[in-house]
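Read the structure below first, then the notes.
2 protein chains.
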Amino acid sequence: MRSHEFYMNIALEEAKKAALIGEVPIGAIVVHKGEVIARGHNMRESDQLPTAHAEHIAITEASKYIGSWRLEDCTLYVTLEPCVMCAGAIVMSRVPHVVYGAKDPKGGCCGSLMNLLEESRFNHRATVETGVLEAACSDILKGFFRELRAKKRKHKSIQEH
Amino acid sequence: MRSHEFYMNIALEEAKKAALIGEVPIGAIVVHKGEVIARGHNMRESDQLPTAHAEHIAITEASKYIGSWRLEDCTLYVTLEPCVMCAGAIVMSRVPHVVYGAKDPKGGCCGSLMNLLEESRFNHRATVETGVLEAACSDILKGFFRELRAKKRKHKSIQEH
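Heads up: the sequence lines are chains A and B, in that order. Position one of the first sequence corresponds to residue 0 (numbering that gives the first Met the number 0), numbered consecutively onward. Position one of the second sequence corresponds to residue 0 (numbering that gives the first Met the number 0), numbered consecutively onward.
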């Protein structure tokens, strides 16, 4: 059986694909019986779709692959803690295991602001593991935003001259 | 300006389309400056997609129509109180107004189990109005489940003979 780190590295590859097209670098994969059956990276700006988050895309792709809306034997790996919508998609698709890298203190709903994956009133709960390749998952985001700020400063400086 | 009832009747038409194909009858529309720009009905079983809820489909269609993930001047009408995933999609798409018909005491996340649309820690909140054509929105669901139970009894009775 492969390690969490092995799979998180594949999710990180997805995050890098997002960065290359100017999207906030977040990546996700769905693993079914050891096999990567779906991948997704953030496409919100490219697609102009509020639902085009990495894990949301991966969940949809996994359902298409399995041919069922129930992803009962799957594990979702995602580089950043899922938001409210993606936590909801995990609950609705009955993914039993979620592993994420970096925490999202501002919007994360799997432990930070709240934990929708361990909400006793829902008819589904998922186990949550955090901190897998946390530094790498966090660094790719920090690097992206640092570069974005530098670009904005350069643009402002050109405009002022 | 049209009334909430006018628009909820259109969402109910969508719910009826779901019932006709054997789906739990839930319907939704998105209204932009008075105009219906997107419609959706529950397609979860037909599509075998966990994300194929009525309001989720309507939000995606509305974004495609407007060409932006931000649905800032829109109102979402939905016959049943949104679940955790759809409440999340409302937050992520920045829909400012939500009107729903029947409450969902088991899974509703816009007032029943919790209210994710008025969560001060998120960077977006939506106003929520409830009870518009509540009886009609509730009756179509009750009728659907009554018929389903009757079918199951008939099936069981045939099997036992």
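For every residue, glycine included, the Cβ atom is placed at its ideal position computed from N, Cα and C.
Strictly below 7 Å CB to CB, what residues from chain B border residue i?
| i | result |
| --- | --- |
| A88(A) | P49, T50 and M84 |
Is residue i close to chain A? Criterion is C-beta to C-beta, closer than 9 Å.
| i | result |
| --- | --- |
| M7(B) | no |
| L112(B) | yes |
| K236(B) | Not covered by the structure: residue 236(B). The range shown for chain B is 0 to 160. |
| G161(B) | Since the first residue of chain B shown is 0 and the last is 160, residue 161(B) is not available in this structure. |
Please confirm if residue i has its CB atom under 9 Å from at least one CB of chain B.
| i | result |
| --- | --- |
| D72(A) | no |
| G39(A) | no |
| R93(A) | yes |
| R43(A) | yes |
| R152(A) | no |
| E54(A) | no |
| K105(A) | yes |
State the Cα-Cα distance for the pair residue i and residue j, rounded to the nearest angstrom.
| i | j | result |
| --- | --- | --- |
| Y64(B) | S45(A) | 15 Å |
| E80(A) | H3(A) | 15 Å |
| K151(B) | E133(B) | 27 Å |
| N8(A) | G106(B) | 35 Å |
| K102(B) | K141(B) | 13 Å |
| E117(B) | C109(B) | 8 Å |
| I20(A) | P104(B) | 42 Å |
| T126(B) | I28(B) | 16 Å |
| S62(B) | E60(A) | 20 Å |
| M84(B) | Y99(A) | 19 Å |
| A37(B) | H55(B) | 11 Å |
| S137(B) | T78(B) | 8 Å |
| G39(A) | E22(A) | 12 Å |
Applying a beta-carbon distance threshold of less than 9 Å, which residues of chain A neighbour residue i?
| i | result |
| --- | --- |
| T59(B) | L48, P49 and T50 |
| S156(B) | What S156(B) touches in chain A: nothing, since even the nearest Cβ is about 29 Å away. |
| G66(B) | Q47 |
Report the neighbours of residue i on chain A: residues whose CB is nearer than 8 Å to its CB, in chain order.
| i | result |
| --- | --- |
| G21(B) | Under the 8 Å cutoff, chain A gives no residues; its nearest Cβ is about 15 Å from G21(B). |
Tell me the DSSP secondary structure of residue i in three-state form.
| i | result |
| --- | --- |
| G142(B) | helix |
| C82(B) | coil |
| V97(B) | strand |
Any heavy atom of the ligand NAP closer than 8 Å to the CB of residue i?
| i | result |
| --- | --- |
| F144(A) | The ligand content of the structure shown is nil, which means the ligand NAP is not present either. |
For a contact defined as C-beta to C-beta under 8 Å, what are the partners of residue i on chain B?
| i | result |
| --- | --- |
| L115(A) | V83 |
| R124(A) | Neighbours of R124(A) on chain B: none; closest Cβ ~12 Å, over 8 Å. |
(request) With 7 Å as the limit, tell me which residues of the segment 129 to 146 of chain A have their beta carbon closer than that to any beta carbon of chain B; keep them in chain order. (result) none
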